[in-house]
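Taken in order, the sequence shown gives residues 2 to 365; the numbers are from this note's numbering.
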Amino acid sequence: MQPDASPSSFDPELLDAAIAFARAHECPWPREPAADASAWGVHHEDPPPYNRLRGPVHARGPQGGVVWQGGREIAAWGEPERADLTFSIAKTYLALLAGIAQRDGLLPDEHRPVAEQLPGIGFDDTAHNRAITWAMLLEQTSEWEGSCFGLPDQVERWRKVSNDPRPAGGPKGGARPLQAPGSYWEYNDVRINQLALALLHLFRRPLPELFLHEILAPLGGGAGFAWRGYDDAWLELPGVGRVQSVPGGTHWGGGVSIGARDQARIGRLLLDGGAHQGRQILPRAWVEKLQTPCAVAPFYGRLVWLNRDGRAFPGASTQSYFMVGAGGHYTWIEPALEAVVVLRWLDGAHAPGVMSRLSRALAG
Numbered sequence: 002m003q004p005d006a007s008p009s010s011f012d013p014e015l016l017d018a019a020i021a022f023a024r025a026h027e028c029p030w031p032r033e034p035a036a037d038a039s040a041w042g043v044h045h046e047d048p049p050p051y052n053r054l055r056g057p058v059h060a061r062g063p064q065g066g067v068v069w070q071g072g073r074e075i076a077a078w079g080e081p082e083r084a085d086l087t088f089s090i091a092k093t094y095l096a097l098l099a100g101i102a103q104r105d106g107l108l109p110d111e112h113r114p115v116a117e118q119l120p121g122i123g124f125d126d127t128a129h130n131r132a133i134t135w136a137m138l139l140e141q142t143s144e145w146e147g148s149c150f151g152l153p154d155q156v157e158r159w160r161k162v163s164n165d166p167r168p169a170g171g172p173k174g175g176a177r178p179l180q181a182p183g184s185y186w187e188y189n190d191v192r193i194n195q196l197a198l199a200l201l202h203l204f205r206r207p208l209p210e211l212f213l214h215e216i217l218a219p220l221g222g223g224a225g226f227a228w229r230g231y232d233d234a235w236l237e238l239p240g241v242g243r244v245q246s247v248p249g250g251t252h253w254g255g256g257v258s259i260g261a262r263d264q265a266r267i268g269r270l271l272l273d274g275g276a277h278q279g280r281q282i283l284p285r286a287w288v289e290k291l292q293t294p295c296a297v298a299p300f301y302g303r304l305v306w307l308n309r310d311g312r313a314f315p316g317a318s319t320q321s322y323f324m325v326g327a328g329g330h331y332t333w334i335e336p337a338l339e340a341v342v343v344l345r346w347l348d349g350a351h352a353p354g355v356m357s358r359l360s361r362a363l364a365g
């Protein structure tokens, strides 16, 4: 990506200190997943028999990151070109693909029930599921009920994640009564995987191929990128052949491996309203919808985390929004400072301290 004419306003000394603070607080997970299975990943928190990996994982790099401001990279540390797993940041990548579908006329109305477009894939089996729209899936309010590649949605009911400001409501995997679609927010990886399956059927092309060719390659990225599915997540797509459905994260293995610089490229695309070098890759209106607070969960947009109250991500502006993944992964889009910050393998307990220091540095 070519630098813009606009200058950066950062304070070099404060930026160096913020980076040093981040590097001193690496995620405590082992760098090799097999070194201590109980300390790596999030699958071991699930009730059996779902507390196991179902797809491939790989060793990780050190704590690292990339900072862009004013259209150019002003800092990078760790191994920014290393394609590392990025866990639930892949959720936002599904939302970007949905934006591509709308751009190309495949998804003209995201408020239309999925079952009307895609019968026979798990949305038309009950009256409850038939009411679910694409927008509900993107906001995590669908309350979809069923199993996706052997994983029942119930295993993720009552899930509590760190950026959810609400108290835990019950034991993870408990039989929480379902609410009407669109009326209840829940962070649920099985429902995200069902969204990925729906997008595969909508595009009739493998999602990793689409993401590479429609988003990463036009930005000048894609080296080392991979998006892997579970070992048994294969299906026959009529007229296409055997394809793998991919998950929106690495909860049970698989997921996106990508470099920090490519993540910064994606963040800059969003900062620029979906445009890159004069080409509108994502509809500007879609990028704005990503940041629109969910009516029943105003801390969340469309598969991104918001900071409208300034408390969810202390140190960041109320305009900022985030892609977040387990293991300490953040892509921070900061319009107030014309900046994009990527943080990899950061101890989440120290994320507020890192973000506050970076904000002060970038403000100059």
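Don't be surprised by glycine CBs; every beta carbon is placed ideally from N, CA and C.
Fewer than three Cβ pairs drawn from the region 16-34 and the region 221-228 lie within less than 8 angstroms of each other, which leaves the two stretches out of contact. Here GLN278 carries a coil assignment [DSSP, helix/strand/coil]. Rounded to the nearest whole angstrom, the C-alpha separation of ASN164 and GLU74 is 28 angstroms. Counting only the Cα atoms, ARG269 lies some 13 angstroms from ALA337. In this structure, DSSP gives VAL241 a state outside helix and strand, which the three-state scheme calls coil. When secondary structure is reduced to three states using DSSP, TRP135 falls in the helix class. By the neighbour-count definition (other C-beta atoms within 10 Å, threshold 16), VAL68 is a buried residue. Judged by DSSP secondary structure, PHE22 falls within the alpha helix (DSSP H) whose first and last residues are 13-24. Fully contained in the region 133-167 is no beta strand (DSSP E) run of length 3 or more. Rounded to whole angstroms, the separation of the alpha carbons of LEU211 and ALA261 is 20 angstroms. For GLU74, the three-state secondary structure derived from DSSP is strand. Residues of the same chain with a CB within less than 6 angstroms of the CB of ALA265, apart from the 5 flanking positions on each side, are VAL67, TRP69, VAL341, VAL343 in chain order. As DSSP reads the structure, HIS330 sits in a beta bridge with GLY326.
Its Cα nearest to that of ALA364, the residue ALA317 stands out among ALA286, ALA317, ASN189. A Cβ-Cβ contact shorter than 8 angstroms links LEU200 with LEU95. Under the three-state reduction of DSSP, SER39 is assigned to helix. Ranked by Cα distance from GLU157, the first of TRP145, ASP232, GLY121 is TRP145. With contact defined as three or more Cβ pairs closer than 8 angstroms, the region 21-41 and the region 127-143 are not in contact. Per DSSP, the continuous beta strand (DSSP E) segment holding SER258 begins and ends at 256-259. Using a C-beta cut-off of 8 angstroms, the region 309-316 makes contact with the region 350-360, since at least three inter-stretch Cβ pairs fall below that distance. Contact check between the region 245-253 and the region 182-194: three or more CB pairs, one atom from each, fall below 8 angstroms, which counts as touching.
By the Cβ neighbour-count rule, SER148 is exposed, with fewer than 16 other Cβ atoms within 10 Å of its own. Relative to the Cα of PRO109, the nearest Cα in the group ASP47, VAL355, ARG167, ALA286 belongs to ALA286.
Close CB contacts of GLU33 within its chain, under the 7 angstroms cut and outside five residues either way in sequence, are with ALA60 (chain order). Partner residues in the beta bridge of GLU27, as assigned by DSSP, are LEU347.
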